[in-house]
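In my numbering, the protein residues as written are 35 to 892. Beta carbons: idealized from backbone N, C-alpha and C, even for Gly. Read the structure below first, then the notes.
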Ligand code: ADP
Ligand code: MG
C-alpha cells in the first residue's frame, strides 16, 4: 500500500483493533468510513460511496453519515447484526498539534445496546457468554445490560444440550473463546442467528468482581469473567447496575428441547415467527413491560417442584377471586414504567429529566399499589407486599430537585426546581430582577421621550435594544443613545445602563445553565445508590404482574386450577388454549384425557384433519401451563409433574424447518427416546411418514415398543398406519383412542371428538373429496382402495423382516396394480376423447356419459 497521510495512518492503527466492526471515524460533523467498511456500509445503508484522494493512483473508498443523524444509521447496522465502533476526536482541534487525537469511545453491538429505540420493551436483550471445559461441561452466562440482570448455568450433557438450552432465548450476541471448534461456532450462527464475539482473556480482577465472588465453581467464575471482560472492554463506562449472577440449576426446571419450543409455538409461531398465535399471545395480559419479559421467561422455564407451583397457583387463585381488587391492581400497574431499564440507564448515565419524572411518577404510585395488595386476603401476597419498601427518600429527592416538565435536553437548563440550590436561586433572581428592570425601562423611556411606540426588545445577535421608529427619531435627546442596528422603518439603540443590565442577565443565565447541568449530573450520580432498591422493586412488581395476568386470562377464558397427583393424568373437557381463541366461541370441541399406568401410551388414529395433532399439543400446553403456575383450559384437571416434554412432528407435516428429510425425523425421535425418563411426556405425531409405507410403519411400531418396554414415559402417538392399532394386544400399557368422524350422505363430517378404541378407516379419500378433487378421480381411488384391502393381509407386522425388504415389495406391488388398471380404462378414455360435444344435445351427452360410467363401474 502506498504511503498514507498521518490521519489515514491513525485510522488504520485504530481499525486494527476493531476489525469485526464498522469504524465510525469522526471527522468534523461527519462519521466517515473507509476501505471495505465504506463499501459494505454504503450498500447496507444505501448511502453514496465516494473516494478520498480521487485524483491519486489508488483512491480510498469512503462514505459518511452526518454526526447528528448517526443514531439511525447505527441502529440499522446493529439490527442487522453488525458492530459499530464509535471513534471520536478526544481533543479540541484548536489545540491539536498535528493530527487530532482520536479514540474509540464505545463499541455498539447487538448485545450491548442501551438505547430504548433499539430495544424491544417486551423482550430481554441478552448478551451471552459461553465457555467450555476439559471435563466436557459448558457454562452459559445470560446478561441483559439494559436491565442489569445476569444468570449463569452449567450444561453437563454435551454440545447438543447447549444448543437446546440456548434455542429461542432472546440472545443477540454470544461471546466465546476463539478456540471453540469451528463447527460449533457455525452452529451458533446458523441455529440461533446471533452475532459472535470473541474474548479469550478470562481472568478478571476489576471492581466488579463482587458480582461473581459468590460463585464457588471455577467454571462459573471463568464464564462470568469472559462476559465482564468483553463488556468492559467494549462499553468503557459504568456498569454499576449489574446485579450479582444468579445460578440457574437447569435440573430444577422442566426441560424443553428446541423441537418442543418450536413445535409447541410457545412464544412465537412456526410460520410467521410472530407472537400472535403463540401461547405467550394467549397468556400475556401483563400490564408492564417488565411483567411481559418475566412471563416469557416463565413460559420457557416451567417448574418441577410442586410447592413452588402451588405457591404461584395460590396467588393466582386469590387474584382470580378478587375481581374488583385485581382491577385496581391492574390500574395501579399501568402507571409503573420500566424500572428495570430505567435503573440500567441511570447506571449508564443516559437518563434525562423526563426519564426521571417518569421514575418519580412510577414510584409515587407504589404506596397505592401496596394498599391495593393489602386488600387481598392471602399470606403469600402479604409476604410479597412486606418485601416492597416505599421508596420515599428517592421520591423526595426527585420531587425536590426536578421541575414537573423538564425539557429533553439536560444541557439547556430549566430542569431544576427553585429552592433546590441557593446559588442557582441567586442566578435566577439576578436574571429575573434584570428582566424586571428592563420591563420598567420601557415605561420610563416612553414617559421621558414622549414616544408612545418606543419599545424594548431582545434578539440573539444584538441582545437588548430600544427601538424607535424613524418618524420619531427627532424626539430622542442627544448623546445618551448609542445606535446599534438600522432597520427600514426604525433604529435600535442601547444605553450604558441597558448594556450593564444585559451583561448581568446573560452572565446569570449562562452560569445558571451550567450549574443546572452540574446539579443534574450530581442527582443522577446520587440515584446510583438507589439502583439495587429499584431492581428489587422491579422484580417484585413484575412477579405480581405475571400472576395477575394468569388470573386475568384464567378468568376470561374460563381456566381451572389444576391439582397435582402422581402418575395419573385426568383432564375433563380439555381445550387447546390457542386454537379455541382463534375460533368463534363455542366452536372448539372439548376433549378428555385419561392416562394411568395401564394407559401410558395413547395411540391416536383418525382421519386427516380430524384433530389428532391439536389434541396432542393441547395436552402438552396444558401440562406446561400448569407447571408455570397458571390455571388450565378445561373443566377439571389432575395433572402429574413432568420433567421433560419431547415433541416430534412427522416429516410430512414439518413443512417449516425446510429439512423435511427422514433423517431429521429419526434424529429427533432419537433425541426423545435417548433422553426421556418415565416422568417425561413424549408427543410423536405421525412419525414414519418421511419414508415408504412399510418402512415407516415398521419404524413407528418399533419406536412405540421401545418406549413401552424401556422408557415408560407418558406418550401420545398419532398415526395414520391403521395396522398399528392391534398393538394393544401385545403392549399391555398401550391404549387405542381415535378421533370420531361420521359419514353423512357419503361425506365425512369431523366431530373432533376423542373416543376409546381405534378408528375404523382412515377416511383419506373422503378428505380428498372435501378438497374437491374430480369425482372421477375419487371413484377411481375408492376402487383401488378396495382392491388393496382385499389383497393385503391386515394385522400386525412381522417384526423380524428388515424394513428395506418390506418397502421393496410394497413398491413392486403398487406398480403392477397401477399398470393393469390403466389398460382396462384405456378404451373408455379413448371413447371419451372421440366424443364431439358440439354435435350433441345435452341429453345425448348425458346418455353417453351414463353409458361410459356404467362400463367403468362393471
Ligand atoms: P390432524 O392432526 O388429525 O390432521 P389437526 O389437529 O391438524 O388434525 O386439526 C385440523 C383442524 O381441525 C384444526 O386446524 C382445527 O381447526 C380443527 N380442530 C382440531 N381439533 C378441534 C377441536 N377439538 N374442536 C374444533 N376444531 C378442531
Ligand atoms: Mg396432524
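Among the options, which has the Cα closest to the Cα of residue i?
{"i": "residue 234", "options": "253, 709, 213, 221", "result": "213"}
{"i": "residue 86", "options": "79, 77, 78, 96", "result": "96"}
{"i": "residue 66", "options": "89, 664, 890, 100", "result": "100"}
{"i": "residue 794", "options": "640, 663, 378, 819", "result": "640"}
{"i": "residue 769", "options": "775, 759, 778", "result": "759"}
{"i": "residue 505", "options": "883, 120, 521", "result": "521"}
{"i": "residue 203", "options": "171, 145, 238", "result": "145"}
{"i": "residue 733", "options": "721, 638, 397", "result": "721"}
{"i": "residue 143", "options": "63, 258, 196, 267", "result": "267"}
{"i": "residue 620", "options": "636, 602, 601, 591", "result": "591"}
{"i": "residue 396", "options": "376, 380, 633", "result": "376"}
{"i": "residue 454", "options": "247, 262, 557", "result": "557"}
{"i": "residue 563", "options": "378, 662, 626", "result": "378"}
{"i": "residue 219", "options": "270, 560, 236, 165", "result": "165"}
{"i": "residue 789", "options": "865, 628, 735, 658", "result": "628"}
{"i": "residue 614", "options": "281, 112, 316, 63", "result": "316"}
{"i": "residue 94", "options": "230, 580, 46, 534", "result": "46"}
Does residue i come out as helix, strand or coil in the three-state DSSP assignment?
{"i": "residue 230", "result": "strand"}
{"i": "residue 131", "result": "coil"}
{"i": "residue 680", "result": "strand"}
{"i": "residue 551", "result": "helix"}
{"i": "residue 880", "result": "helix"}
{"i": "residue 326", "result": "helix"}
{"i": "residue 160", "result": "strand"}
{"i": "residue 84", "result": "strand"}
{"i": "residue 459", "result": "helix"}
{"i": "residue 775", "result": "strand"}
{"i": "residue 119", "result": "strand"}
{"i": "residue 742", "result": "helix"}
{"i": "residue 26", "result": "With the chain covering only 35 through 892, there is no way to say anything about residue 26."}
{"i": "residue 786", "result": "strand"}
{"i": "residue 423", "result": "coil"}
{"i": "residue 387", "result": "helix"}
{"i": "residue 49", "result": "helix"}
Let me check you understand the geometry: is the CB of residue i closer than 7 Å to at least one non-hydrogen atom of ligand 2?
{"i": "residue 720", "result": "yes"}
For residue i versus residue j, is the C-beta distance shorter than 8 Å?
{"i": "residue 291", "j": "residue 705", "result": "yes"}
{"i": "residue 260", "j": "residue 188", "result": "no"}
{"i": "residue 410", "j": "residue 356", "result": "yes"}
{"i": "residue 294", "j": "residue 674", "result": "no"}
{"i": "residue 509", "j": "residue 485", "result": "yes"}
{"i": "residue 40", "j": "residue 132", "result": "yes"}
{"i": "residue 596", "j": "residue 660", "result": "yes"}
{"i": "residue 278", "j": "residue 246", "result": "yes"}
Give me the DSSP bridge partner(s) of residue i.
{"i": "residue 67", "result": "97"}
{"i": "residue 166", "result": "172"}
{"i": "residue 629", "result": "603"}
{"i": "residue 668", "result": "For residue 668, which the question treats as bridged, DSSP gives no partner whatsoever."}
{"i": "residue 187", "result": "174"}
{"i": "residue 965", "result": "This structure does not reach residue 965, given that the chain is present from 35 up to 892, and the question cannot be answered."}
{"i": "residue 749", "result": "635, 716"}
{"i": "residue 486", "result": "The partner list for residue 486 (beta bridge, DSSP) is empty, contrary to what the question assumes."}
{"i": "residue 450", "result": "436"}
{"i": "residue 491", "result": "499"}
{"i": "residue 516", "result": "528"}
{"i": "residue 608", "result": "625"}
{"i": "residue 60", "result": "65"}
At a threshold of 7 Å, does residue i count as lining ligand 1 (C-beta to nearest heavy atom)?
{"i": "residue 731", "result": "no"}
{"i": "residue 623", "result": "yes"}
{"i": "residue 175", "result": "no"}
{"i": "residue 642", "result": "yes"}
{"i": "residue 666", "result": "no"}
{"i": "residue 612", "result": "no"}
{"i": "residue 773", "result": "yes"}
{"i": "residue 786", "result": "yes"}
Establish whether the CB of residue i and some CB of chain D are separated by less than 8 Å.
{"i": "residue 105", "result": "The chain labelled as chain D is not found in the depicted structure, where only one protein chain is given."}
Are there any heavy atoms of ligand 3 lying less than 7 Å away from the beta-carbon of residue i, as far as the coordinates show?
{"i": "residue 646", "result": "Although ligand 3 was asked about, the structure shown includes only ligand 1 and ligand 2 as ligands."}
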